[in-house]
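Participant: So that we are looking at the same thing, I have put the structure below in structure tokens.
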Amino acid sequence: MICQSCGEHPATTKVKTIVNGRLTEYALCATCARRLGYATLLTGLDRGFGSVLSEFFSDENAEPEEECCPWCGASFEDIARTDKVGCAHCYEVFADRLLPIIQRLYGSDIHCGKMPGENLPQPQPQSQMVLMQEVLHQAVEQEKHERSTRLLQESLRRLGGGSSNDES
Amino acid sequence: MNHKWYETKGPENDVILGARVCMIRNMTDLPFPARMSHPDMERSRTRVEEALRRLSPAISDDFFCADLEQCEESTAVSFVERQLCTPDFIANPTGRSLFYTADESISIMVNGSDHLRLQLVEPGCQLDTALNAADNLDTMLDRSLRFAFHKDIGYLTQSLTDLGTGMVPTLQIHLPALQQGGAVERLSSDAAQLGFSLRGIFDGAVEPAGAVYELTNRITLGISEKNAVENLKSIGAQFAERERRARTELLGTIEAQDAVSRSLALLESARMLEFSEFLKLYANVRMGLCSGFITGLSPEQLDGLLYAVQPATMALRAGKPLTPQQRQTRRAQLVSSVLAPMHQP
């Protein structure tokens, strides 16, 4: 299926939205999903986290017996195929396979937030903040540059005797 | 009568309409929703109901409960229009329930993508207030529901993308000047690099209308709730500042001033109004109002209209299905009645 936003690339993500009082579904390519704010950590991976998985376990395809979570019955195949973990116990049962994927997706596998029954912990400096400051700095610099270019162009146009053609 | 959160004035609401904190939680002894049987879903819903009842009466008495299987389509769509739940939540109503308060500032989706999705919204840029309220409700509910948690990877969720804090903070922002200047797409890709998303609320998957966007921090693991909120506040403040500068520049032109005046005149005098047309006019009038070009109306009055004139919400309030013509006529009447006091001495 072709992306319903750009009409060019193959669609990889389905998104639901309300249009004029009706629930509507759109199919988007990874680029449009990102542009329109529908990207998740899994967007762009052809087969969800199954594709991250194959990088880690490419030589384990021949595993004959399929282990299932004794609690909910989900196999690791089920989880990878649907991008949905079966139950809270699956995280223990499949820890050896899920943790590397979690680490890969987030660049971290350590929770540093709220613990049940306790108040929120104090803030600590985090990597997202550092990255954010860099990108914001670049954006501000780019805007400054664009503004000065625009001012320069306007000055040049005025100096050139008003050859502007947009007076309609 | 209860005022809705969006009819209430909040700080910095010239650009920031609202702040929402969502907490995604699951119970340990039930499969996640994709593998739940109907009795499992019933068990989960009953537990949430009982947990809410155990809270202080002041809180629990305030909740309405809607069983999505029993809801008509327009009612379910209206929940999404009023942002009490997500479009995905109503797509498959089986076993799903929605709890929400009269002022629509708190809602709890049960058996959606996870067992519970608590949402708290505050008007304006009050993210900290929303976080504290969500944190309190979460702690109180955890006493009876015992949410699934792992000491290393945090709150356990059906999707790996919500793991960790299970907390997703969002700012609802109005960016008409940046949208007209074509800057939103670049902001959106800058935001995406950092783990944020910028998404149009109305017709977001096609062509964002009304210039109302949601800016969300999607990172849930390796970062604390407070840091995630601080980061969102910081990037939200940058966006708001750029929008204010863009408004000043744009409204310095006679063309933009003309568009604002014409939009107001149309809203005041139209006898029929399509929702898509309302959204375009809303964006211009709200910008004019917040920049002082229009007086006699508050942004929250206009935002109240934005929620009230959505198609399914109009049908719900009318108590019957409406033809497109009836809807457009009622919408125009409602809009002009709210705008009428602007010209009274």
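Going line by line, the protein sequences match chains A and B. Going by my numbering, the first sequence opens with residue 6, and the numbers climb by one from there. Going by my numbering, the second sequence opens with residue 1093, and the numbers climb by one from there. Each residue gets a CB set at the ideal place from its N, CA and C atoms; glycine is no exception.
What residue range is occupied by the uninterrupted alpha helix (DSSP H) comprising Gln1441 of chain B?
Facilitator: Outside the shown range of chain B (1093 to 1437) lies residue 1441 of chain B, about which nothing can therefore be said.
Participant: Give a yes or no on whether the minimum CB-CB distance between Leu110 of chain A and chain B is below 9 Å.
Facilitator: Working through the first sequence from its first residue, we reach residue 110 of chain A at position 105. With 9 Å as the cut-off, Leu110 of chain A counts as an interface residue toward chain B.
Participant: Determine, using beta carbons only, whether Phe1288 of chain B and Thr1308 of chain B come nearer to each other than 9 Å.
Facilitator: To locate residue 1288 of chain B, count along the second sequence from 1; it is residue 196. To locate residue 1308 of chain B, count along the second sequence from 1; it is residue 216. Their beta carbons are under 9 Å apart, which means Phe1288 of chain B touches Thr1308 of chain B by this criterion.
Participant: Gly1303 of chain B by DSSP, collapsed to three states: which one?
Facilitator: Indexing the second sequence from 1 puts residue 1303 of chain B at position 211. The amino acid occupying residue 1303 of chain B in the given sequence is Ala; Gly does not appear at that position. Ala1303 of chain B: strand per DSSP, three-state reduction.
Participant: Write down every uninterrupted run of the alpha helix (DSSP H) in the segment 1145 to 1201 of chain B whose length is 4 residues or greater and which is fully enclosed by it, in chain order.
Facilitator: Counting whole runs of 4 or more residues, the segment 1145 to 1201 of chain B contains the alpha helix (DSSP H) stretches 1149 to 1152, 1165 to 1173 and 1179 to 1183.
Participant: Run down chain A in chain order and give the residues with a C-beta less than 7 Å from the C-beta of Gly1302 of chain B.
Facilitator: Indexing the second sequence from 1 puts residue 1302 of chain B at position 210. Residues of chain A passing the Cβ test: none, with the nearest at roughly 13 Å.
Participant: List the whole-angstrom C-beta distance separating Leu1255 of chain B from Leu1313 of chain B, where the pair is believed to meet the contact cut-off of C-beta under 8 Å.
Facilitator: What you label residue 1255 of chain B is simply residue 163 of the second sequence in a count that begins at 1. What you label residue 1313 of chain B is simply residue 221 of the second sequence in a count that begins at 1. Right, their Cβ atoms sit about 5 Å apart.
Participant: Specify, as a first and last residue, the run of the beta strand (DSSP E) that Pro1215 of chain B falls within.
Facilitator: Residue 1215 of chain B sits at position 123 when you count from the first residue of the second sequence. Counting along the chain, the beta strand (DSSP E) containing Pro1215 of chain B begins and ends at Leu1208 to Pro1215.
Participant: So, is the C-beta of Leu156 of chain A closer than 9 Å to a C-beta in chain B?
Facilitator: One-based indexing of the first sequence puts residue 156 of chain A at position 151. So, not an interface residue.
Participant: Counting only the same chain and skipping the five closest in sequence on each side, list residues whose C-beta sits under 6 Å from that of Gln9 of chain A.
Facilitator: Taking the first sequence and counting its residues from 1, one reaches residue 9 of chain A at position 4. The residues are Tyr31 and Ala32.
Participant: Could you give the uninterrupted runs of the alpha helix (DSSP H) lying entirely in the segment 1343 to 1368 of chain B, keeping only those of 4 residues or more?
Facilitator: As far as the segment 1343 to 1368 of chain B is concerned, its whole alpha helix (DSSP H) runs of at least 4 residues are 1346 to 1361.
Participant: Is the segment 1124 to 1135 of chain B close to the segment 1404 to 1412 of chain B, with three or more CB pairs under 8 Å?
Facilitator: Not touching, per the Cβ criterion.
Participant: At a Cβ threshold of 9 Å, is Ser1136 of chain B touching chain A?
Facilitator: Mapped onto the second sequence, residue 1136 of chain B falls at position 44. It does not: the Cβ of Ser1136 of chain B has no partner Cβ on chain A nearer than 9 Å.
Participant: Is it right to say Tyr1305 of chain B is buried, meaning 16 or more other beta carbons lie within 10 angstroms of its own, or is it exposed?
Facilitator: Along the second sequence, one-based indexing puts residue 1305 of chain B at 213. Classification for Tyr1305 of chain B: buried.
Participant: Give a yes or no on contact between the segment 108 to 125 of chain A and the segment 1311 to 1328 of chain B, applying the rule of three or more CB pairs nearer than 8 Å.
Facilitator: With the cut-off at 8 Å, the segment 108 to 125 of chain A and the segment 1311 to 1328 of chain B touch.
Participant: Between Arg1 of chain A and chain B, is any beta-carbon pair separated by less than 9 Å?
Facilitator: Residue 1 of chain A lies beyond the stretch modelled for chain A, which goes from 6 to 173, so this question has no answer here.
Participant: I need the boundaries of the alpha helix (DSSP H) containing Ala44 of chain A, first residue and last residue.
Facilitator: Position 39 of the first sequence, counted from the start, is the residue given in the question as residue 44 of chain A. Segment: none, Ala44 of chain A is in no alpha helix (DSSP H) and carries neither H nor E.
Participant: Between Pro1416 of chain B and Ile23 of chain A, is the Cβ-Cβ spacing less than 9 Å?
Facilitator: Counted from its first residue, the second sequence places residue 1416 of chain B at position 324. Counted from its first residue, the first sequence places residue 23 of chain A at position 18. Contact flag unset, no.
Participant: Could you tell me if Arg155 of chain A is buried or exposed, where buried requires 16 or more neighbouring beta carbons within 10 angstroms of its beta carbon?
Facilitator: Position 150 of the first sequence, counted from the first residue, corresponds to residue 155 of chain A. Its Cβ having fewer than 16 others within 10 Å, Arg155 of chain A is exposed.
Participant: Helix, strand or coil for Cys1114 of chain B, going by three-state DSSP, please let me know.
Facilitator: Counting from one through the second sequence, the residue named residue 1114 of chain B turns up at place 22. Three-state result, Cys1114 of chain B: strand.
Participant: Hey, does Asp1159 of chain B have any beta-carbon neighbour from chain A nearer than 9 Å?
Facilitator: Position 67 of the second sequence, counted from the first residue, corresponds to residue 1159 of chain B. Chain A contact via Cβ: absent.
Participant: May I ask you to verify whether the segment 83 to 102 of chain A touches the segment 1119 to 1130 of chain B, counting CB pairs closer than 8 Å and requiring at least 3?
Facilitator: Verdict: yes, contact present.
Participant: Of all the residues that make up the segment 1393 to 1414 of chain B, which are near chain A by a beta-carbon distance shorter than 8 Å?
Facilitator: Under the 8 Å Cβ criterion, the segment 1393 to 1414 of chain B contributes Gln1402, Pro1403, Ala1404 and Ala1407.
Participant: Determine the burial state of Leu161 of chain A: buried for a count of at least 16 other Cβ atoms within 10 Å of its Cβ, exposed for fewer.
Facilitator: One-based indexing of the first sequence puts residue 161 of chain A at position 156. Looking at its Cβ environment, which holds fewer than 16 other Cβ atoms inside 10 Å, Leu161 of chain A is exposed.
Participant: Please list, in chain order, the chain B residues whose beta carbon lies closer than 9 Å to that of Arg40 of chain A.
Facilitator: As a working note, residue 40 of chain A is residue 35 in the first sequence. Neighbours of Arg40 of chain A on chain B, chain order: Glu1277, Ser1280, Ser1281 and Ala1284.
Participant: Taking the C-alpha atoms as reference points, what is the distance between Ile1311 of chain B and Val20 of chain A?
Facilitator: Your numbering for residue 1311 of chain B matches position 219 in the second sequence. Your numbering for residue 20 of chain A matches position 15 in the first sequence. Their Cα atoms are separated by approximately 20 Å.
Participant: Below 7 Å CB to CB, which residues in the same chain sit around Met1406 of chain B once its five sequence neighbours on both sides are set aside?
Facilitator: In the second sequence, the residue the question calls residue 1406 of chain B occupies position 314. Hits under 7 Å: Leu1414, Arg1419, Arg1422 and Arg1423.
Participant: Here's the rule: buried if 16 or more other CB atoms are within 10 angstroms of the residue's CB, otherwise exposed. What is Lys1243 of chain B?
Facilitator: Position 151 of the second sequence, counting from 1, holds the residue named residue 1243 of chain B. So Lys1243 of chain B counts as exposed.
Participant: Where in the segment 9 to 34 of chain A do unbroken runs of the beta strand (DSSP E), each at least 3 residues long, occur, reported from the N-terminal end onward?
Facilitator: Runs of the beta strand (DSSP E) inside the segment 9 to 34 of chain A: 18 to 24 and 27 to 33.
Participant: Checking the sheet assignment: what are the DSSP bridge partners for Val1260 of chain B?
Facilitator: Sequence index remark: in the second sequence, residue 1260 of chain B carries index 168 (1-based). Val1260 of chain B is bridged to B:Cys1114.
Participant: Any contact between the segment 1160 to 1169 of chain B and the segment 1233 to 1248 of chain B? By contact I mean 3 or more CB pairs, one from each, below 8 Å.
Facilitator: Contact between the segment 1160 to 1169 of chain B and the segment 1233 to 1248 of chain B is absent, because fewer than three Cβ pairs lie under 8 Å.
Participant: Is it buried or exposed for Asp64 of chain A, if we count other Cβ within 10 angstroms and need 16 for buried?
Facilitator: For the purposes of this step, residue 64 of chain A is identified with residue 59 of the first sequence, where counting begins at 1. With a pLDDT of only 49 at Asp64 of chain A, under 50, the local geometry of the prediction cannot be trusted, and the value read off the model is given with reservation. By the 10 Å Cβ count, Asp64 of chain A comes out exposed.
Participant: Below 7 Å CB to CB, which residues in the same chain sit around Gln1349 of chain B once its five sequence neighbours on both sides are set aside?
Facilitator: Residue 1349 of chain B sits at position 257 when you count from the first residue of the second sequence. Here the set comprises Leu1343 and Phe1385.
Participant: Is the beta carbon of Leu1356 of chain B closer than 9 Å to that of Leu1431 of chain B?
Facilitator: To locate residue 1431 of chain B, count along the second sequence from 1; it is residue 339. To locate residue 1356 of chain B, count along the second sequence from 1; it is residue 264. Yes. Within cutoff.
Participant: Under 7 Å Cβ-Cβ, which residues of chain A neighbour Thr1246 of chain B?
Facilitator: Here residue 1246 of chain B corresponds to residue number 154 of the second sequence, with the count starting at 1. The identity of residue 1246 of chain B in the sequence shown is Gly, whereas the question assumes Thr. By Cβ distance, chain A contributes His116 and Gly118.
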